[in-house]
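Novice: Once you've had a glance at the structure underneath, I'll fire off some questions.
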Amino acid sequence: MSEDLNEQIVVAFFADADAADGAAASLQAWDEANDDIKLGALGRLVVSDGKLEAKRYGAGRTTRGALVGGALGVLAAGVTGGLSLLAGALGGGLVGGVTGKLTAGSFGISDDTAEKLKQHLQDGGAALVVHCDHAELSPTMHELKRLGGTVFSLGVSEKVLNAVHQAQVDAWEEDMFRTNFEAGGVL
């Protein structure tokens with residue numbers, strides 16, 4: 091979708107990492123099969139041997155895909171007590187440019203929600219995090235429920251969307267400058 095703003099984060103709880111991985115694969119196939127659905131990045135959180143582990147799926151390693159990294163980080167903060175621990179696991183630079191703008195309030199996460207996530211992960215469960223457009227929210231939640239997830243959504247604040255947009259513009263300008271310079275163009 092050309093006007094895909096991906097201002098929504100959907101979180102689905104699954105029994106374990108294997109169930110979340112299977113759901114992610116099915117969700118990606120569903121995304122590919124539907125012209126009206128073009129999801130952003132996907133990620134998964136689990137606690138293994140007392141340590142938080144994050145996994146990214148697919149090619150959503152763009153700046154806008156960093157929102158999922160940020161969402162994983164903010165959600166993980168309730169489990170680990172720190173956002174920075176996850177930045178390296180999710181690709182450092184991509185998350186790093188936006189991480190400073192991400193807070194629990196950026197995603198509408200209440201203390202109760204953070205506590206539920208923490209308990210679910212500590213009990214061996216997994217959380218699948220999906221970045222989508224508002225128009226994709228309902229069908230995506232429905233599909234995740236069909237795949238066996240317990241689902242809720244979080245909106246992304248305008249402040250965070252603006253920060254991601256600016257990071258995209260900055261990256262584009264830098265790329266254009268580099269391309270022009272390498273071609274012998276005028277600085």
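My numbering applies: residue 91 is where the sequence shown begins, and numbers increase by one. Beta carbons: idealized from backbone N, C-alpha and C, even for Gly.
For the alpha helix (DSSP H) that K235 lies in, which residues bound it at each end?
Specialist: Its alpha helix (DSSP H) spans residues 224 to 236.
Novice: What's the call for R236, buried or exposed, on a 16-neighbour Cβ count within 10 Å?
Specialist: It counts as exposed.
Novice: Please classify A216: does DSSP put it in a helix, a strand, or coil?
Specialist: If DSSP states are grouped into helix, strand and coil, A216 belongs with the strands.
Novice: What is the rounded straight-line gap between the Cα of V100 and the Cα of T269?
Specialist: Whole-angstrom Cα-Cα distance: 37 Å.
Novice: Quick one, which of K141, E272, F104, A131 has its alpha-carbon nearest H221's?
Specialist: Answer by Cα proximity: A131.
Novice: Go to L132, then tell me how far its beta strand (DSSP E) extends in each direction, as first and last residue.
Specialist: First-last of the beta strand (DSSP E) with L132: 132 to 138.
Novice: Return helix, strand or coil for K208, following the three-state DSSP convention.
Specialist: In this structure, K208 counts as helix in the three-state DSSP scheme.
Novice: The alpha helix (DSSP H) with L117 in it runs from where to where?
Specialist: Element bounds for L117: 107 to 123.
Novice: Less than 8 Å between the CB atoms is what I'm expecting for F104 and A113, so what's the real figure, rounded?
Specialist: Yes, F104 and A113 are in contact; Cβ-Cβ is about 6 Å, under 8 Å.
Novice: Would you say the beta carbon of H210 comes nearer than 7 Å to a heavy atom of the ligand GDP?
Specialist: Inclusion of the ligand GDP in the displayed structure is not the case, the ligand content being empty and no account of it being possible.
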